[in-house]
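For the sequence shown, our numbering begins at 762 and goes up steadily by one.
Notes for the one structure printed next.
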Amino acid sequence: MEIAVGYLFAWAVGKARRVAGRADQEADRTLDAAMDRLHDLVSRKLDGDRALERLAGEAELGQEEPGARTRQRVQLALEDAAEEDPGFAEALDQAVKQLQTLERAAATASAGDGGQAVGGNVHIQASDNSAAAWTMGNVTLGNPPPPGPHQG
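Structure follows, in structure tokens:
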């Protein structure tokens with residue numbers, strides 16, 4: 762439910778920016794449409810709910826995040842609605858999953874010459890007297906030989 766609240770607030774922030782004329786003209790229409798669907802689903806279910814109205818009001822005021830109490834109240838309202846209506850719960854879950862998938866697909870990574878670009882998680886691990894790194898120069902494992910006359 763917390764993720765849904767975050768998306769609802771992002772929708773409201775985007776709407777406030779469009780109304781103010783600051784929206785990016787190249788915004789991803791697919792993502793916008795999915796956020797509109799989530800908002801429509803929730804606003805139909807929570808029509809007239811003061812917490813949802815407060816969430817929209819905070820977004821219109823230009824807040825970066827909803828207040829903690831507002832977030833909690835909207836989350837509780839969504840949880841109550843989902844408990845009472847399994848169809849709504851399923852639709853909400855699908856809407857959030859669709860948004861998460863679209864966000865992952867829209868995320869891009871880029872790097873310059875010699876750089877590495879990653880669009881997801883990276884896990885690098887070494888064990889048993891080994892070495893691990895994204896990029897590694899010459900590495901000698903174990904005990905090095907004693908220095909010779911040319912090594913000083």
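Note that beta-carbon positions come from the ideal geometry of N, C-alpha and C, so glycine has one too.
Here the structure is a predicted model, which is why all the values come from computation and not from measurement.
_At the level of alpha carbons, what is the spacing between R792 and L863?_
Within the sequence shown, residue 792 is the residue found at index 31, counting from 1. Within the sequence shown, residue 863 is the residue found at index 102, counting from 1. Rather than Arg, the amino acid found at residue 792 in this sequence is Leu. Cα to Cα, the separation comes out at about 6 Å.
*asked:* Quick check on T896: buried or exposed, where buried means 16 or more other Cβ atoms within 10 Å of its Cβ?
replied: Indexing the sequence shown from 1 puts residue 896 at position 135. Residue burial annotation: T896 is exposed, with fewer than 16 other C-beta atoms found within 10 angstroms of its C-beta.
*Reduced DSSP secondary structure (H/G/I, E/B, other) of Q859*: Your numbering for residue 859 matches position 98 in the sequence shown. The answer is helix: DSSP assigns Q859 an H, G or I state.
*Is DSSP giving H911 helix, strand or coil here?*
Position 150 of the sequence shown holds residue 911. Of the three classes helix, strand and coil, the one that applies to H911 here is coil, per DSSP.
*For E763, I'd like the list of residues in its chain whose CB is within less than 8 Å of its CB, leaving aside the five on either flank, ordered along the chain.*
Taking the first residue of the sequence shown as 1, we reach residue 763 at position 2. Annotation for E763: R832, Q836 place their beta carbon closer than 8 Å to its own, counting only its chain and skipping 5 residues before and after.
*Residue of A842, A773, N904 minimising C-alpha distance to Q824*: As a first step, residue 824 is located in the sequence shown; it is residue number 63 there, counting from the start. The candidate whose alpha carbon is nearest that of Q824 is A773.
*Helix, strand or coil for G848, going by three-state DSSP, please let me know.*
For this step, residue 848 is matched to residue 87 along the sequence shown. Helix.
*Identify whether Y768 lies in helix, strand or coil by the three-state DSSP scheme.*
Working through the sequence shown from its first residue, we reach residue 768 at position 7. In the three-state scheme derived from DSSP, where H, G and I count as helix and E and B as strand, Y768 is classed as helix.
*What first and last residue would you give for the alpha helix (DSSP H) that runs through G818?*
For the purposes of this step, residue 818 is taken as the residue at position 57 of the sequence shown. Note, G818: alpha helix (DSSP H), 811 to 821.
*Compare the C-alpha of D755 against each of F849, A892, S891 and name the closest.*
Nothing about residue 755 can be reported from this structure: the residues present for the chain run from 762 to 913 only.
*Going by the beta-carbon positions, is the gap between L853 and M796 smaller than 8 Å?*
Locating residue 853 in the sequence shown gives position 92, where the first residue counts as 1. Locating residue 796 in the sequence shown gives position 35, where the first residue counts as 1. Here L853 is not near M796, since their CB atoms are 8 Å or more apart.
*Who are the Cβ neighbours of V857 in its own chain at under 6 Å, not counting the five residues just before and after it?*
Residue 857 sits at position 96 when you count from the first residue of the sequence shown. Only I764, A765 meet the Cβ criterion.
_Tell me the DSSP secondary structure of A841 in three-state form._
Position 80 of the sequence shown, counted from the start, is the residue given in the question as residue 841. For the record, residue 841 in the displayed sequence is Asp; it is not Ala. Secondary structure at D841: helix, using DSSP grouped into helix, strand and coil.
*Could you give the distance in angstroms between the alpha-carbon of R790 and the alpha-carbon of Y768?*
Position 29 of the sequence shown, counting from 1, holds the residue named residue 790. Position 7 of the sequence shown, counting from 1, holds the residue named residue 768. The C-alpha of R790 lies about 15 Å from the C-alpha of Y768.
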